Amino acid sequence: MAAEQDSKERRTLWIVLALNIGLAVAFFATGAFGDSSALIANGLDNLSDSFVYAISLFALSRSGKWKRGAANVSGWLLILFAAGILYDAWRRYVGGSDPLGTIMITMALIAAAINAVCVWLLARLREPDVNIRAANTFSWNDFAANLGIVVAGGLVAWLGTNWPDLVVGVVVAGIAAWGGIDILRDAHGEHHKAVHADDR
């Protein structure tokens, strides 16, 4: 039964990993074309998610200690990428940018649909470990960020200014950082459970 669950988790993570790599490439391409901090931010976020899914796949069939270690790496990676997103938003604020609202809205809607599929796939897994829970956190965060980009794209197109794009870029950074902190807390909690189990 455990082997069957392991196989199902592995298959799900591979699918979610492939979808996130595709999304990262699409976000970078449309972000560069549409001069959008929010799209670049989501590209960085999806790229960090892809690294985390790869780490989770590596740790999946290993011990609880390995899984907690992988979750810790995942959490710190998200925080690191959040710092990169903030730098990109600051660079565009200082240097100026001219984002295309229609490109932002179109890409965000496509990504939201794909993230909804990821959330559905991960929700089907029973008794998820700390890394699967982390993957679920990423997918929900991405879904929320995509909705924010749709709003920002509408404001950019309506007002003809770049500040909504920059604001969403910063918000995505905040969501990524908070997700990283949440994953680190979860891993820390799992560590304490393991220590108490060993003491019995």
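full-length UniProt numbering numbers the first residue of the sequence shown as 1 and each following residue consecutively. Think of the CB as a built atom: it goes at the ideal place given N, C-alpha and C, for glycine as much as any other residue. Note that the structure is a prediction, hence the values are computed from the model and not measured.
With respect to the 9 Å criterion, Asp-45 and Ser-97 are not classified as neighbours on the basis of their beta carbons. Of the residues Phe-27, Ala-89, Phe-138, the one whose Cα lies closest to the Cα of Val-16 is Phe-138.
Taking C-alpha positions only, Gly-169 is separated from Arg-68 by approximately 29 Å.
Remark: fewer than three beta-carbon pairs, one from each stretch, lie closer than 8 Å, so the stretch 154–163 and the stretch 17–32 are not flagged as touching. By the CB criterion at 9 Å, Ala-82 and Gly-160 fall outside the cutoff.
For the pair of segments examined, the stretch 100–108 was found not to touch the stretch 73–92: the number of CB pairs separated by less than 8 Å stays below three. Around the CB of Phe-27, 16 or more other CB atoms lie within 10 Å, so the residue is classed as buried. Excluding the 5 residues flanking it on each side, Tyr-53 has same chain C-beta neighbours closer than 7 Å at Leu-13, Val-16, Leu-17, Asn-20, Ala-135, in chain order.
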